[in-house]
Amino acid sequence: MDILGKTLDLIGKLLIGFTAIRVHHRVLHEHKIDEAVFKSMKKEQRFGILGIVFLVAGFIIQLLA
């Protein structure tokens, strides 16, 4: 059970980090914020939210273990 909690915690951190890196890369590459960048940011925002869910779930599982 502890391994599952730590695994979810790691996945959550990676998803949040990936999301931040992708958004910054996209804005730096495009040099502007247009509809394509907004679309990409909305998709990556979902990954960030999923990462937060994994972090919270991992934390709860670690507390219960």
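Add 3 to a position in the sequence shown, counting from 1, and you land on the number used in our numbering.
Yeah, the Cβ is synthetic: ideal placement off N, Cα and C, and Gly gets one too.
Being a predicted model, the structure only gives us computed values, none of them experimental.
Are residue i and residue j touching if we call contact CB-CB under 8 Å?
i, j, result
"L7", "I64", "yes"
"I14", "F57", "yes"
"K9", "G54", "no"
"V40", "E47", "no"
Please return the same chain residues whose Cβ sits closer than 6 Å to the Cβ of residue i, not counting the five positions on each side in sequence.
i, result
"R49", "none"
"L67", "none"
Which residues mark the beginning and the end of the alpha helix (DSSP H) in which residue i is found?
i, result
"A23", "5 to 33"
"A60", "38 to 67"
Among residues of its own chain, excluding the 5 on either side of residue i, which ones have a beta-carbon nearer than 8 Å to its beta-carbon?
i, result
"F62", "G8, D12"
"G51", "L18, I19, T22, A23"
Excluding the 5 residues flanking residue i on each side, which residues of the same chain have their C-beta closer than 7 Å to its C-beta?
i, result
"V26", "M44, E47"
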